[in-house]
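Have a look at the structure below before the remarks.
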Amino acid sequence: MPRIAIIGAGAAGLAAAYRLRSLDAELTVYDKAEHIGGRTLSLGVGGLESNTGALFVYRNTPADRLRAELGIDASPFLPGTWGVHINGETVVTAAPDTLAERLPIAPRAKAELSAFLLEAIQEYRGYSDVEEASELAEERFGPRLAALHPDAASIIRSAVHGGSVADPDLLSAKYALRYFASYLAHDRENRLYTRGGMQQIPEALAAALEPGAVRLGREVVEVSDRGGSEGCELRFADGGVESADRVILAVPAPVVPELVRGLPPEKLDALEQVDMPGSTTFCITADIEGLPAIAEWSFLATVGTRFDAIINPQPWSADSDEPAPSAAQFVCYGNSHGYDPGVEGSEAALQAWEEDFLRVAPELRGRILGRHLQSWEHCFAILTPERTRVIDRLRAPVGAIHFAGDYTSETAGTHGAYAEGERAAAEVRQAR
Ligand SMILES: Cc1cc2nc3c(=O)[nH]c(=O)nc-3n(C[C@H](O)[C@H](O)[C@H](O)COP(=O)(O)OP(=O)(O)OC[C@H]3O[C@@H](n4cnc5c(N)ncnc54)[C@H](O)[C@@H]3O)c2cc1C
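Following the working numbering from start to finish, the sequence shown increments by one per residue and tops out at 453.
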């Protein structure tokens, strides 16, 4: 029976395995981590299920289709406010046109910020589908901020960095619009939230495989293509050696050249165009009993804090029939903070991040129910014009090795990774 080895039990690797499960082949998924899902990791924080990596399922994407196919419930993300923390004050409003006026910033910054936000909303609403905004994929977002007053620019930078993971100077305008202006425009159609945690999706994919097909805690250190029809050899950190007829490498782009030596120059060059910065996420759950205004928080851009933005994935609305919740979770995205492996498990780091959070939400002092810090070495495959241009080369197999991940997708996120896993699975089927 032919052997197919998939390296990486994240979204891409598991989607590939799921689509290959009916094949008459011996299918094994290896991951160096002790958990399934890679950057899709959920855990209980202060009594609520929190996501330290991927947070939302984007509607009508491969992630959404897979979620529905697997029977995983999700409810819409319903943002009704947008907020800013700057110069020691936090202002959250339902109407973005009244926000700038209330901020402690210079009059010129207020006027420029207000105009910028309204223009971004109009531009976003002008596209019925931002995915179709192909002309914006080639435009970089950073220059749009060049002439702004520093306070106005800092707010937008934090909002873009926090909402999209990317440095606004690297990001395409299309991606910035999708991940920044969608919050601003209170888009209620594009994001879904899975109450039981995003990790349910990869866990359900893994559960559909043969028992024992997913091997956790197995780090691959080298994959070599033997050439011809000889298949591949896999070397493991524990000294093990295995062979496979086909390999799907579903690891973050920067890991690919570390595992496969002697890649062709065009592949190496394409991989160099991929930007996957690190980030740190702080999940915090608080008792918000009697604080309905905080229950309405959806997205806040924060300046001068370790994180760039705060998202409450289940905002409440005073217009709803539901009573205000007694607890809420806030995910604080430290994307400009970058990868900081020392923070995990450090009480001093937890205290520092919590203090930053309490500067934004002083009402919550004494009400914190739980917190968790997670640092990601490779957070997100940024959609830059450079990556867009080399997608075909990123996808191209090398001998019996196939490549899949968010970085090989035309978009990003879990939706990109699931779709790419499915594409690699189709490639493997065809190659047989
Ligand atoms: C903070 C944060 C917020 C995000 N928010 C969203 C969101 O709201 N919505 C969304 O759709 N996406 C979001 N994403 C992005 C999303 O999580 C990723 O795009 C997606 O999970 C990538 O899947 P992948 O399979 O390509 O890679 P990964 O999930 O990284 O999987 C790769 C796997 O390979 C394993 N691996 C690496 N090296 C080896 C080795 N040598 N041997 C064996 N195994 C190895 C890793 O342990 C990992 O499990 C977010 C990500 C982060 C970090």
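For every residue, glycine included, the Cβ atom is placed at its ideal position computed from N, Cα and C.
For the candidate residues 30, 29, 88, 106, whose alpha-carbon lies nearest to that of residue 383?
The option with the nearest alpha carbon to residue 383 is 106.
Determine the DSSP secondary structure at residue 223, reduced to helix, strand or coil.
Helix at residue 223.
Check whether the region 357-367 and the region 206-218 touch, using three or more Cβ-Cβ pairs below 8 Å as the test.
With the cut-off at 8 Å, the region 357-367 and the region 206-218 do not touch.
What residues in its chain sit with their C-beta under 8 Å from that of residue 314, if we drop five residues either side in the sequence?
Within the same chain, residue 314 has close Cβ partners 113.
Could you check the C-alpha separation between residue 391 and residue 38 for me, to the nearest Å?
The straight-line gap from Cα to Cα measures roughly 35 Å.
In chain order, what are the residue ranges of uninterrupted beta strand (DSSP E) at least 3 long that sit wholly in the region 73-107?
Entirely contained in the region 73-107, the beta strand (DSSP E) runs reaching 3 residues are, in chain order, 103-107.
Nearer than 7 Å: is that true of the beta carbon of residue 273 relative to any heavy atom of ligand 1?
True, at least one ligand heavy atom lies under 7 Å from that Cβ.
Look at the alpha carbon of residue 24 and the alpha carbon of residue 402, and state the distance between them as a whole number of angstroms.
Approximately 29 Å, taken between the alpha carbons.
Please classify residue 22 as buried or exposed, where buried requires at least 16 other C-beta atoms within 10 Å of its C-beta.
It counts as exposed.
Can you tell me where the alpha helix (DSSP H) with residue 371 in it begins and where it stops?
Counting along the chain, the alpha helix (DSSP H) containing residue 371 begins and ends at 368-381.
Less than 7 Å separating the Cβ of residue 218 from some heavy atom of ligand 1?
Residue 218: no, Cβ never under 7 Å from ligand 1.
Which residue or residues does DSSP assign as beta-bridge partners of residue 214?
Answer is 96, bridged to residue 214.
With distances taken between CB atoms, is the gap from residue 117 to residue 91 smaller than 8 Å?
No, Cβ-Cβ distance for residue 117 and residue 91 is not below 8 Å.
Identify which residue in 134, 49, 300 has its Cα closest to the Cα of residue 175.
Among 134, 49, 300, the Cα nearest to that of residue 175 belongs to 134.
For residue 335 and residue 46, what's the separation of their Cα atoms in angstroms?
Straight-line Cα distance between these residues: approximately 42 Å.
Compute the minimum distance between the beta carbon of residue 224 and the heavy atoms of ligand 1, and state whether it is under 7 Å.
Every heavy atom of ligand 1 is 7 Å or more from the Cβ of residue 224, so no.
For residue 432, does the three-state DSSP call read helix, strand or coil?
Coil at residue 432, not helix or strand.
Smallest Cα separation from residue 287: which of 55, 414, 332, 269?
The shortest C-alpha separation from residue 287 is found at 414.
Taking only the alpha-carbon atoms, compute the straight-line gap between residue 283 and residue 295 and give it to the nearest angstrom.
One C-alpha to the other measures close to 19 Å.
For residue 258, is the classification buried or exposed, using 16 other Cβ atoms within 10 angstroms of its Cβ as the cut-off for buried?
Classification of residue 258: exposed, given that the 10 Å Cβ count is below 16.
Given a cut-off of 8 Å on the beta-carbon distance, is the pair residue 29 and residue 271 in contact?
The answer is yes: Cβ separation under 8 Å.
Quick one, which of 83, 108, 103, 79 has its alpha-carbon nearest residue 96's?
Residue 96 has its Cα closest to that of 79, out of 83, 108, 103, 79.
Quick check on residue 327: buried or exposed, where buried means 16 or more other Cβ atoms within 10 Å of its Cβ?
Looking at its Cβ environment, which holds 16 or more other Cβ atoms inside 10 Å, residue 327 is buried.
Name the one or two DSSP bridge partners that residue 110 has.
According to DSSP, residue 110 bridges with 107.
Do residue 35 and residue 41 have their beta-carbon atoms positioned less than 8 Å apart in this structure?
Going by C-beta atoms, residue 41 is not nearer than 8 Å to residue 35.
Should residue 276 be listed as close to ligand 3, given that the test is whether its C-beta is under 7 Å from any heavy atom?
Because ligand 3 does not appear in the structure shown, any question about it cannot be addressed here, the ligands present being ligand 1.
Within 7 Å: the Cβ of residue 327 and any heavy atom of ligand 1?
No, Cβ of residue 327 sits at least 7 Å from all heavy atoms of ligand 1.
Can you tell me where the alpha helix (DSSP H) with residue 282 in it begins and where it stops?
Note, residue 282: premise wrong, no alpha helix (DSSP H); not H, not E.
CB of residue 208 to nearest heavy atom of ligand 1: below 7 Å?
Answer for residue 208: no, Cβ out of range of ligand 1.
Just confirm the distance between the C-beta atoms of residue 348 and residue 306, as a whole number of angstroms; I'd bet it's less than 8 Å.
6 Å between Cβ atoms; contact.
Compute the minimum distance between the beta carbon of residue 103 and the heavy atoms of ligand 1, and state whether it is under 7 Å.
The answer is no for residue 103.
Classify residue 317 as buried or exposed, calling it buried when 16 or more other Cβ atoms lie within 10 Å of its own Cβ.
Buried is the call here.
Checking the sheet assignment: what are the DSSP bridge partners for residue 139?
Beta-bridge pairing links residue 139 to no other residue.
Following a CB-centred definition, is residue 201 positioned closer than 7 Å to any heavy atom of ligand 1?
False, no ligand heavy atom lies under 7 Å from that Cβ.
Taking its Cβ as the centre, do 16 or more other Cβ atoms sit within 10 Å of residue 216, making it buried, or is it exposed?
Residue 216 comes out exposed.
Buried or exposed: which applies to residue 262, given that a residue is buried once 16 or more other Cβ atoms fall within 10 Å of its Cβ?
Answer is exposed; the Cβ neighbour count stays below 16.
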